[in-house]
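Peer 1: For reference, the structure I am asking about is given below.
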Amino acid sequence: MVGINGAPMSFECVTFDAAGTLVDVRWDPVKIALEAAQRCGIQLDEQTAGEAYQRLLATRWGTFRTLNLQRREDICNDFWYELGKDWLEKIGVDSARAKDVYDVGDAIVFSPDSGVFQLYEDSHDALDAVEKAGLRMAVISNWDISLHRVLRMLGIYERFEVVVASLEEGVEKPDTKLFEITLDRLGLPADSCLHVGDDPLADGHGARSAGMSAVLIDRNAAHSDGTVIRSLGEIAAFL
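This is the structure:
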């Protein structure tokens, strides 16, 4: 990557978006709740139960966002348990089954063979390349507090010096504040960092507005150019 005067740019750190960049995310809370209940042997009408869960979650999403600001996983986990308990009551199921449903749902989402969160095949190679180049790494993602657990589950959490989840900070990309929070924790100037993400607005515009360089990954793009790559394996060329 070169600057506006054609000179090569050097970086001290690479920051990554998580969802859609490092992690293939298939998070559907309604689907997860239905599957968890069915695995527990609970008979239900999927459409009716699914709509009930969606409505209940929508009315409480603001509360969940606020709870994330406390940065406590146990409190956020309790939110999902209580939501499930109230959901079962609404669809006529004994709420005493809530603990079983919660535990099964937790396993669906966070087990090593999770179908909800999986690393893209090119993620490890990209992280290896950045590490080999001697650069620091961080994650900046529009995500809730579970981002830390997901990265641990996938075995890559310790590779990052800083992990910033938007709901914990109360601000989301493309707001430059989320990038500035990360830069402050790294103790680095914006122009020393390259951000890698998949969203033109949240990642591309957001990072550049904060003074960082940015490259977008589009695995379905026809070709790569100076600002879009088709694989994280191409990150090495920027380093």
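All the letters of the sequence shown, read from the start, carry residue numbers -12 to 226 under this note's numbering. Quick reminder that beta carbons are idealized off the backbone N, C-alpha and C, glycines included.
Could you check whether the segment 12 to 23 touches the segment 91 to 111, counting it as contact only if at least three pairs of C-beta atoms, one from each stretch, sit closer than 8 Å?
Peer 2: Because the criterion of three Cβ pairs below 8 Å is met, the segment 12 to 23 and the segment 91 to 111 touch.
Peer 1: Give every residue of the same chain whose Cβ lies closer than 7 Å to the Cβ of R123, excluding the five residues on either side of it in the sequence, and list them in chain order.
Peer 2: Answer for R123: E(-1), C0, E148, L173, listed in chain order.
Peer 1: Per DSSP, which one or two residues make a beta bridge with R84?
Peer 2: None; R84 has no bridge partner.
Peer 1: Looking only at DSSP bridge pairs, what is G184 linked to?
Peer 2: In the DSSP output, where bridge partners are listed per residue, G184 has L203.
Peer 1: So if DSSP puts M228 in a beta bridge, which residue, or which two residues, is it bridged to?
Peer 2: Limits of the chain in this structure are -12 at one end and 226 at the other, which puts residue 228 out of reach.
Peer 1: By Cβ distance, which residues of its chain are closer than 7 Å to A45, with the 5 residues on each side in sequence left out?
Peer 2: Closer than 7 Å at the Cβ level, and outside the excluded window around A45, lies no residue.
Peer 1: Under three-state DSSP, which class holds I168?
Peer 2: In the structure shown, I168 sits in a helix (DSSP, three-state: H, G or I).
Peer 1: Could you tell me whether the Cβ atoms of C27 and V96 are closer together than 8 Å?
Peer 2: Result no, Cβ atoms of C27 and V96 do not sit closer than 8 Å.
Peer 1: Determine, using beta carbons only, whether T169 and A224 come nearer to each other than 8 Å.
Peer 2: Against a cut-off of 8 Å, the Cβ pair of A224 and T169 comes out as no contact.
Peer 1: Determine the extent of the beta strand (DSSP E) in which F104 is found, giving its start and end residues.
Peer 2: Run containing F104: 104 to 106, per the beta strand (DSSP E) assignment.
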